[in-house]
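A.B. asks: So that we are looking at the same thing, I have put the structure below in structure tokens.
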Amino acid sequence: MLLACKLLKAQSLPRTVPPELVRLPYVQVIDLTRNYLNGTIPPEWGSMKLVSISPLGNRVSGSIPKELANITTLKSLSIEYNQFSGNLPPKLGNLPQIERMLMSSNNFTGEIPATFAKLTTLKDFRIADNCFSGSIPDFIQNRTNLEKL
Numbered sequence: 001m002l003l004a005c006k007l008l009k010a011q012s013l014p015r016t017v018p019p020e021l022v023r024l025p026y027v028q029v030i031d032l033t034r035n036y037l038n039g040t041i042p043p044e045w046g047s048m049k050l051v052s053i054s055p056l057g058n059r060v061s062g063s064i065p066k067e068l069a070n071i072t073t074l075k076s077l078s079i080e081y082n083q084f085s086g087n088l089p090p091k092l093g094n095l096p097q098i099e100r101m102l103m104s105s106n107n108f109t110g111e112i113p114a115t116f117a118k119l120t121t122l123k124d125f126r127i128a129d130n131c132f133s134g135s136i137p138d139f140i141q142n143r144t145n146l147e148k149l
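Structure follows, in structure tokens:
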């Protein structure tokens, strides 16, 4: 049974992303979709046993903390429609169970890290409406289990 923070979804919360959620050790799903949250994703979340993180449709900015790569249980990272920027952390390529990585409509730059070739469990990878550079990585062409791009 998943313990989720779904009560925080679409509540018009006008605050920063709460690092205090790290004090809830049994929470596996953080769904902060459609609020008015700003600030960054707290690096402290990297110590949690999360299955899903979704601050979708907020005003969250800054870089994705490389500490999120420590969440070996993470299956879904949905950060679409925010104001994230910078390069994607290469360490995210070490997420062993990730199935959904939704990053569209942000301000990411640079190339997609070569380490993302290791994301063999990835089924849904959305990166549209960003400022990526370089060519489409070969691993995307060779991914037979990728269902959505």
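Note that UniProt numbering numbers the sequence shown so that position 2 is 2, with each residue one more than the last.
Backbone N, C-alpha and C fix where the C-beta goes; we use that ideal spot for every residue, glycine too.
All values derive from a computational prediction rather than experimental measurement.
#1: Are the CB atoms of lysine 75 and proline 89 nearer to each other than 8 Å?
#2: Does the distance from the C-beta atom of glycine 46 to that of asparagine 70 stay below 8 Å?
#3: Tell me, please, which residues DSSP counts as bridged to arginine 23.
#4: At which residues does the alpha helix (DSSP H) containing phenylalanine 139 begin and terminate?
#5: Between which residues of its own chain and valine 60 is the CB-CB distance below 8 Å, once the five residues before and five after are set aside?
#6: For asparagine 94, name the three-state secondary structure that DSSP assigns.
#7: Tell me which same chain residues have a C-beta within less than 6 Å of the C-beta of glutamine 141, skipping the five on either side of it?
#8: Do glycine 93 and threonine 115 have their CB atoms nearer than 8 Å?
#9: Measure the alpha-carbon distance for asparagine 130 versus valine 51 and round it to whole angstroms.
#10: Within the same chain, show all residues whose beta-carbon is closer than 7 Å to that of residue 150, passing over the 5 residues directly before and after it, in chain order.
#11: Using CA coordinates, which residue listed in Leu102, Glu147 and Lys49 is at the minimum distance from lysine 123?
C.D. replies: Reading from the atomic positions:
#1: Residue 75 sits at position 75 when you count from the first residue of the sequence shown. Residue 89 sits at position 89 when you count from the first residue of the sequence shown. With respect to the 8 Å criterion, lysine 75 and proline 89 are not classified as neighbours on the basis of their beta carbons.
#2: As a working note, residue 46 is residue 46 in the sequence shown. As a working note, residue 70 is residue 70 in the sequence shown. For glycine 46 and asparagine 70, yes; Cβs fall inside 8 Å.
#3: Stepping through the sequence shown from its first residue, residue 23 is reached at position 23. According to DSSP, arginine 23 shares a beta bridge with no other residue.
#4: Against the sequence shown, residue 139 aligns to sequence position 139. Where phenylalanine 139 is concerned, the enclosing alpha helix (DSSP H) stretches over 138-142.
#5: Counted from its first residue, the sequence shown places residue 60 at position 60. Contacts found: Val17, Leu37, Asn38, Gly39, Thr40, Ile41, Ile79, Asn82, Gln83 and Phe84.
#6: As a first step, residue 94 is located in the sequence shown; it is residue number 94 there, counting from the start. Helix.
#7: Locating residue 141 in the sequence shown gives position 141, counting from the first residue. Nothing meets the Cβ criterion.
#8: One-based indexing of the sequence shown puts residue 93 at position 93. One-based indexing of the sequence shown puts residue 115 at position 115. Yes, the pair counts as a contact, with Cβ atoms nearer than the cut-off.
#9: Sequence index remark: in the sequence shown, residue 130 carries index 130 (1-based). Sequence index remark: in the sequence shown, residue 51 carries index 51 (1-based). Their backbone Cα atoms lie some 25 Å apart in a straight line.
#10: With the chain running from 1 to 149 in the structure shown, residue 150 is simply not present.
#11: Mapped onto the sequence shown, residue 123 falls at position 123. With distances taken between Cα atoms, lysine 123 lies closest to Glu147.
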